[in-house]
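Peer 1: This is the structure I have questions about; it appears just below.
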Amino acid sequence: MKGVCMKKRNGFLVIVLLVAALTAVQAQTEGTFGTGLTWALSGDGTLTIGGSGSMPVSMSGGSPASGGAYQPWVSVLNSITSVVIEDGVTGTLSIGAFANCANVAQITIGKGITEIRDSVFQGTAITSIVIPEQIVSISLDTFRGANRLETVYFNAVNCGDMGAILDYPPFHQSKTPALKNIVIGDTVVRIPAQLFLGANTVTSLTIGSHVTEIGMHAFADCSGLTSIVIPDSVQTIRNFAFRNCSSATSIVLGSDLSVVMPGAFTGSKITELTIPENVTRLSGGCFGNSTRLKTVYFNATALTQTDVDSPFSDSQQLESIIFGDNVRQIPSAIAKNLTGLYSVTIGRRVNRFNGYYAFEGCLALEEVICNATRPPALDNSQFSGVDKSYVIVRVPASAVAAYQAANNWKDFTIEAQ
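Written out as structure tokens, the structure reads:
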């Protein structure tokens, strides 16, 4: 009899516990949190965060049992397949907000969120993410552990830079190992420094038509890129922006480009390059160590002086520089110490060599094709170290006598074209 009673009692307890558990599960599909916010999980797996107010700074490190910061939806993590953050939610997207939501494949960030903190997407299944226009801050570890992320649509207008150069930024290969595609939206004017530094799995880059400045190291070490196209809107490319994009065999510069800072494209595999007309500054080494670069078409009409070093320093395979017919001055140090350079073509409107040392140390130089009918002003520093007796200068037939009589030109072998 005693055994029968015990069995009945145990059975009753089991029923009570099951009812309690079912009630708890039902209660945990919705709730309130933060400052005036609600959350609800629908039957299709969509977690909707709504209301009007802000999220807590962190949802990481605690639990309902132990207290501290924790995800309000912690008991249903594996049931969540998508997240929608409504526009009334403002401020910060909390640390660890969706960490370990292993089945979440899509997250939509509302217009009220301005900052995205660390570990938000860790362990999720998202393959793409849209960074909205209003985002001003992305933490360095925001995307750490987003191992399936393949595509980033970056639309943030005033987003800050991504830490110091020694920090691993949000999309570094160690944090987003599957990243392949970057799309910079047409709302973006400036690409933040270090934003995609070290994203070496990326193979496709699209830069929006309103970008005017590309920040320092923005795409440095993106060694998977084979082609870089700079839209016409871009005016300034900062230091080392595309440094060591070592698979890039094509770089196209836009028509409005004005300033290219040191190291901007160093270490590429391009074989030829065209410098557009509106460029006013090419810093020393900005295309340095381009070990396969053979030919440069130089059309910049307002650039008169470079830094102490050539923009193409350590590009010793560079064989030919062709100055376009709208160029009027040869910049100083433009080809300084390029020991592989053997042919230079000077356009018909060039009237002077500006500054000093344009072709100093070009020991392999064999020919200069000068289409100017009047000898450009030339001082003896421009070809310093070059054995002029071995260099043939080919000029229009009508100008041979003028070149043979002109200071410093007369030291070359002058021939008619």
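Throughout, my numbering is defined as the position within the sequence shown, counted from one, plus 144. The beta-carbon is built from N, C-alpha and C at its ideal position, and this holds for glycine as well. Values in this document were obtained by computation on a predicted structure and should not be read as measured data.
(1) Please list, in chain order, all residues of the same chain as Thr234 whose beta carbon is under 6 Å from its beta carbon, the five residues on each side excluded.
(2) Locate the alpha helix (DSSP H) running through Ala184, then write down its first and last residues.
(3) What would DSSP say about Leu426, mapped onto helix, strand or coil?
(4) Please report the distance separating the alpha-carbon of Met360 from that of Trp553.
(5) Would you report the Cα separation of Thr182 and Asn247, rounded to the nearest angstrom?
(6) Output the boundary residues of the alpha helix (DSSP H) element that contains Gln250.
(7) What would DSSP say about Ala521, mapped onto helix, strand or coil?
(8) Looking at Asn481 and Gln449, is the spacing between their C-beta atoms short of 7 Å?
(9) Measure the C-alpha to C-alpha separation of Arg518 and Val403 and round it to an integer number of angstroms.
(10) Val280 lies in the alpha helix (DSSP H); which residues open and close that run?
(11) Quick one: using the 10 Å Cβ neighbour count with 16 as the cut-off for buried, is Val355 buried or exposed?
(12) Taking Ile328 as the reference, give the member of Gly342, Asn344, Thr393, Ala362 with the closest Cα.
(13) Relative to the C-alpha of Ile193, which candidate in Ser204, Cys245, Thr252 has its C-alpha closest?
(14) When DSSP labels each residue in this structure, what does Tyr534 get in the three-state scheme?
(15) Give the straight-line distance between the Cα atoms of Ala550 and Asp523, rounded to the nearest whole angstrom.
(16) If we ignore side chains and look at the alpha-carbon of each, how far apart do Asp469 and Phe340 end up?
(17) DSSP state of Asn584, grouped into three classes?
(18) Between which two residues does the beta strand (DSSP E) containing Tyr547 stretch?
(19) Can you give the beta carbon distance from Thr439 to Glu463, rounded, assuming they're within the 8 Å contact cut?
(20) Quick one: what does DSSP say Ala541 is sitting in, helix, strand or coil?
(21) So Phe456 and Ser434 are in contact, right, with Cβ under 8 Å, and what is the actual spacing, rounded?
(22) Where Arg425 and Thr445 are concerned, what is the direct C-alpha to C-alpha distance, given to the nearest angstrom?
(23) I'd like to know whether the C-beta atoms of Leu485 and Ala479 end up nearer to each other than 7 Å.
(24) Alpha carbon to alpha carbon, how far is Gly180 from Asp400? Give it in angstroms, no decimals.
(25) Candidates Asn495, Ala385, Val537, Gly529: which alpha carbon is nearest Ser487's?
(26) Between the Cα of Asn388 and the Cα atoms of Tyr214, Ser367, Ala241, Gly398, which residue gives the shortest distance?
Peer 2: To lay it out plainly:
(1) Counting from one through the sequence shown, the residue named residue 234 turns up at place 90. If we look at Thr234 and ignore the five residues flanking it on each side, its Cβ neighbours are Ser198, Gly256.
(2) Against the sequence shown, residue 184 aligns to sequence position 40. Here Ala184 belongs to no alpha helix (DSSP H); instead the beta strand (DSSP E) covers 181 to 185.
(3) Here residue 426 corresponds to residue number 282 of the sequence shown, with the count starting at 1. Strand, per DSSP.
(4) For the purposes of this step, residue 360 is taken as the residue at position 216 of the sequence shown. For the purposes of this step, residue 553 is taken as the residue at position 409 of the sequence shown. Approximately 42 Å, taken between the alpha carbons.
(5) On the sequence shown, position 38 is the one that residue 182 refers to. On the sequence shown, position 103 is the one that residue 247 refers to. Approximately 21 Å, taken between the alpha carbons.
(6) In the sequence shown, residue 250 corresponds to position 106, counting from 1. First-last for Gln250: 250 to 252, but that is the beta strand (DSSP E), not the alpha helix (DSSP H).
(7) Sequence index remark: in the sequence shown, residue 521 carries index 377 (1-based). Strand, per DSSP.
(8) Along the sequence shown, one-based indexing puts residue 449 at 305. Along the sequence shown, one-based indexing puts residue 481 at 337. No, the pair does not count as a contact, with Cβ atoms beyond the cut-off.
(9) Counting from 1 along the sequence shown, the entry for residue 518 is found at position 374. Counting from 1 along the sequence shown, the entry for residue 403 is found at position 259. Whole-angstrom Cα-Cα distance: 31 Å.
(10) Start at 1 with the first residue of the sequence shown, and residue 280 comes out as number 136. Taken as a continuous stretch (DSSP letters only), Val280 belongs to no alpha helix (DSSP H), as it is neither H nor E.
(11) Mapped onto the sequence shown, residue 355 falls at position 211. The residue in question, Val355, is buried, as its Cβ has 16 or more Cβ neighbours within 10 Å.
(12) Start at 1 with the first residue of the sequence shown, and residue 328 comes out as number 184. Looking at the Cα atoms, Ala362 is the closest of the given residues.
(13) Indexing the sequence shown from 1 puts residue 193 at position 49. Comparing Cα-Cα distances from Ile193 to each of Ser204, Cys245, Thr252, the minimum goes to Thr252.
(14) Within the sequence shown, the letter at position 390 stands for residue 534. Correct three-state label for Tyr534: helix.
(15) In the sequence shown, residue 550 corresponds to position 406, counting from 1. In the sequence shown, residue 523 corresponds to position 379, counting from 1. Between Ala550 and Asp523, the C-alpha separation is close to 11 Å.
(16) Taking the sequence shown and counting its residues from 1, the one referred to as residue 469 is at position 325. Taking the sequence shown and counting its residues from 1, the one referred to as residue 340 is at position 196. Straight-line Cα distance between these residues: approximately 38 Å.
(17) Residue 584 lies beyond the range of the chain shown here (145 to 561); nothing can be said about it.
(18) In the sequence shown, residue 547 corresponds to position 403, counting from 1. Premise fails: Tyr547 lies in the alpha helix (DSSP H), 544 to 549, not in any beta strand (DSSP E).
(19) Counting from one through the sequence shown, the residue named residue 439 turns up at place 295. Counting from one through the sequence shown, the residue named residue 463 turns up at place 319. Indeed they touch by this definition, with Cβ atoms about 7 Å apart.
(20) Within the sequence shown, numbered from 1, the residue matching residue 541 stands at position 397. Helix, per DSSP.
(21) Your numbering for residue 456 matches position 312 in the sequence shown. Your numbering for residue 434 matches position 290 in the sequence shown. Yes, Phe456 and Ser434 are in contact; Cβ-Cβ is about 7 Å, under 8 Å.
(22) Indexing the sequence shown from 1 puts residue 425 at position 281. Indexing the sequence shown from 1 puts residue 445 at position 301. For Arg425 and Thr445, the distance between alpha carbons rounds to 11 Å.
(23) Here residue 485 is taken as the residue at index 341 of the sequence shown, counted from 1. Here residue 479 is taken as the residue at index 335 of the sequence shown, counted from 1. Taking 7 Å as the Cβ cut-off, Leu485 and Ala479 qualify as a contacting pair.
(24) The residue given as residue 400 occupies position 256 in the sequence shown. The residue given as residue 180 occupies position 36 in the sequence shown. Cα to Cα, Asp400 sits roughly 48 Å from Gly180.
(25) Counting from one through the sequence shown, the residue named residue 487 turns up at place 343. The candidate whose alpha carbon is nearest that of Ser487 is Val537.
(26) The sequence position of residue 388 within the sequence shown is 244, counting from 1. Asn388 has its Cα closest to that of Ser367, out of Tyr214, Ser367, Ala241, Gly398.
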